């Protein structure tokens, strides 16, 4: 989502290109914004760091470059998953051609055609940048390129099957194109969640060095990346002047920028994150221009805080890179549209999920003959209190037993959650893992006390501990899902809870709502799949609950 989300589906350590990616670091969920394409400069070094010219003279740097460009395991996994989906789409297209046209060729020809489609798909995926971090970090950009790949495969299908008849080949191509787009979009969404879960466990991380001017901003940027392992970065340390803010921080101080290349070679980093908030424009340009020739991934923390990346667009002026930040606020028409979206999607979801809800309700009741629904008072928009509905996942006297478990709280701040809550029933664990227990909140959406997307509905005792800034979350309706739920629900930090809620409130838009709903669908699908797996197989699917 907005700000800082270098949460990329694709190549962690993929062969770098010459583009400079700019993640906004104002809050922990943004996206990578493509700021400017930087080509290797032949001009003299700019700024106070002329040693950046001496790349070839730095011991170990050549070996470092060779190791960075090796094909990483994640890329191979993505290629295999994509090829399986491309093969499935081809089977759909071929079946349409077989049923509607006169297939006059033999099995060897069909096999050769299959390999041709797979090869074409691989080339199109790679050429479209669908194995590059900066492309797959932005879901909309990824989907747009998947659409292009699907169109290319549809044209390939029409050409391959042209011998069965023009109309039949065209029909096969159209059906195949829709199949490829649907399957690739779904597969990439599921893979995104799987990769984030693996990254949260420490896998698929790209080593990076944070470079800045040594102020608190440099450390804040490093902390942002470290607190969000799902972004796929492993902070090796900071390179900056030896100020107290840098050397006393929780991250290794690697040295002064005058020894940057040596530090990069020593840390074997595959990328650099430049903290624009602590560098002068002259220093920033020097780093960008010279690092562009190293083969490293270069990212720039823009210094914007709490600004949704959807509000930021590149607006060149006089051939220089400027950023335009759109104002915030919804019009009356957008507010009405949001309510219509809530009612329409909430009603449809309840209709589709009614059988699942009925079966689960019966099991909950049969376990201890207790109430099916759990009702709890929460604080809604403008501080008004309402009754939240959930499917009961705990024993009947769970609320009375909370006081005795306070000392085992796994959350920081006013939030309360146990990693292994003894009050949760066996079936309740399944309901939580699959998020089925949240379905009754759709009734809250229909009655208007909640929205599909918004901050988490807080308890009165939690709200009593909020400061004035965090109380801004009460200006919007609480949501069934939201940024915090899909981005940092598993993380114990109350600061992340605070950042995500304020990020949503300050950057509220229908586009954000749609993106969160789409992401939630993928997250819930993966959770449900994992919950249905045998215990011995669940380790292969990341825990997202």
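Residue numbers (the numbering used here): 1 to 545. Note that CB positions come from ideal geometry on N, CA and C, so glycine has one too. Source: prediction; values computed, not measured.
Starting from the C-beta of residue i, find all residues in its chain whose C-beta is less than 8 Å away, skip the five residues before and the five after it, and write them out in chain order.
i, result
"residue 155", "173"
"residue 517", "345, 452, 453, 481"
"residue 475", "381, 382, 505"
"residue 162", "169"
"residue 313", "323, 324, 326"
"residue 385", "377, 378, 379, 460"
"residue 49", "Because residue 49 carries a pLDDT of 46, less than 50, the predicted location of this residue cannot be relied on, and the following value inherits that uncertainty. Excluding positions up to five away in sequence, the list reads 257, 258, 260, 283, 286, 287, 290."
If you reduce the DSSP assignment to three classes, tell me which class residue i lands in.
i, result
"residue 452", "strand"
"residue 301", "strand"
"residue 525", "helix"
"residue 335", "helix"
"residue 556", "Examination of residue 556 is not possible in this model, given that the chain is present from 1 through 545 alone."
"residue 383", "helix"
"residue 206", "strand"
"residue 313", "strand"
"residue 346", "helix"
"residue 282", "helix"
"residue 290", "helix"
"residue 186", "helix"
"residue 428", "helix"
"residue 470", "helix"
"residue 364", "helix"
"residue 511", "helix"
"residue 479", "strand"
Since residue i is in the alpha helix (DSSP H), which residue starts that stretch and which ends it?
i, result
"residue 94", "73 to 100"
"residue 226", "216 to 227"
"residue 437", "First-last for residue 437: undefined, no H or E at that position."
"residue 486", "483 to 487"
"residue 116", "107 to 127"
"residue 503", "494 to 506"
Could you pull the start and end residues of the beta strand (DSSP E) that residue i belongs to?
i, result
"residue 460", "Element bounds for residue 460: not the beta strand (DSSP E) but the alpha helix (DSSP H), 460 to 463."
"residue 375", "373 to 379"
"residue 255", "253 to 255"
"residue 262", "First-last for residue 262: 260 to 267, but that is the alpha helix (DSSP H), not the beta strand (DSSP E)."
"residue 233", "233 to 239"
"residue 275", "271 to 275"
"residue 296", "No beta strand (DSSP E) contains residue 296, which DSSP labels as neither H nor E."
"residue 325", "323 to 325"
My assumption, with CB atoms under 8 Å, is that residue i sits in contact with residue j. Please give the rounded CB distance.
i, j, result
"residue 391", "residue 436", "7 Å"
"residue 510", "residue 444", "No, residue 510 and residue 444 are not in contact; Cβ-Cβ is about 20 Å, not under 8 Å."
"residue 473", "residue 496", "Actually they are not in contact, since the Cβ atoms of residue 473 and residue 496 sit about 14 Å apart, beyond 8 Å."
"residue 230", "residue 196", "4 Å"
"residue 205", "residue 177", "Between residue 177 and residue 205 the Cβ distance is about 36 Å, and since that is not below 8 Å, they are no contact."
"residue 264", "residue 276", "So it is not a contact: roughly 19 Å between Cβ atoms."
"residue 193", "residue 523", "6 Å"
"residue 270", "residue 207", "6 Å"
"residue 87", "residue 114", "7 Å"
"residue 219", "residue 238", "7 Å"
"residue 214", "residue 241", "4 Å"
"residue 486", "residue 520", "6 Å"
"residue 152", "residue 124", "5 Å"
"residue 209", "residue 267", "6 Å"
"residue 440", "residue 455", "Going by Cβ atoms, the distance from residue 440 to residue 455 rounds to 19 Å, so no, they are not a contact pair."
"residue 185", "residue 143", "6 Å"
Leaving out five residues before and five after residue i in sequence, what residues of the same chain have Cβ atoms less than 7 Å from its Cβ?
i, result
"residue 128", "145, 148, 149"
"residue 287", "211, 274"
"residue 371", "392"
"residue 181", "146, 147, 150"
"residue 171", "96, 100"
Could you name the residues of the same chain whose beta carbon sits closer than 6 Å to that of residue i, not counting the 5 residues immediately before and after it, in chain order?
i, result
"residue 470", "498"
"residue 179", "89, 92"
"residue 243", "214"
"residue 365", "372"
The ligand MN heavy atoms versus the CB of residue i: any closer than 6 Å?
i, result
"residue 264", "For the structure depicted, the ligand MN is absent and the ligand set is empty, with no information on it obtainable."
Suppose only complete runs of 4+ residues qualify. What are the alpha helix (DSSP H) ranges in the region 130 to 184, listed by chain order?
You should have 133 to 136, 139 to 160.
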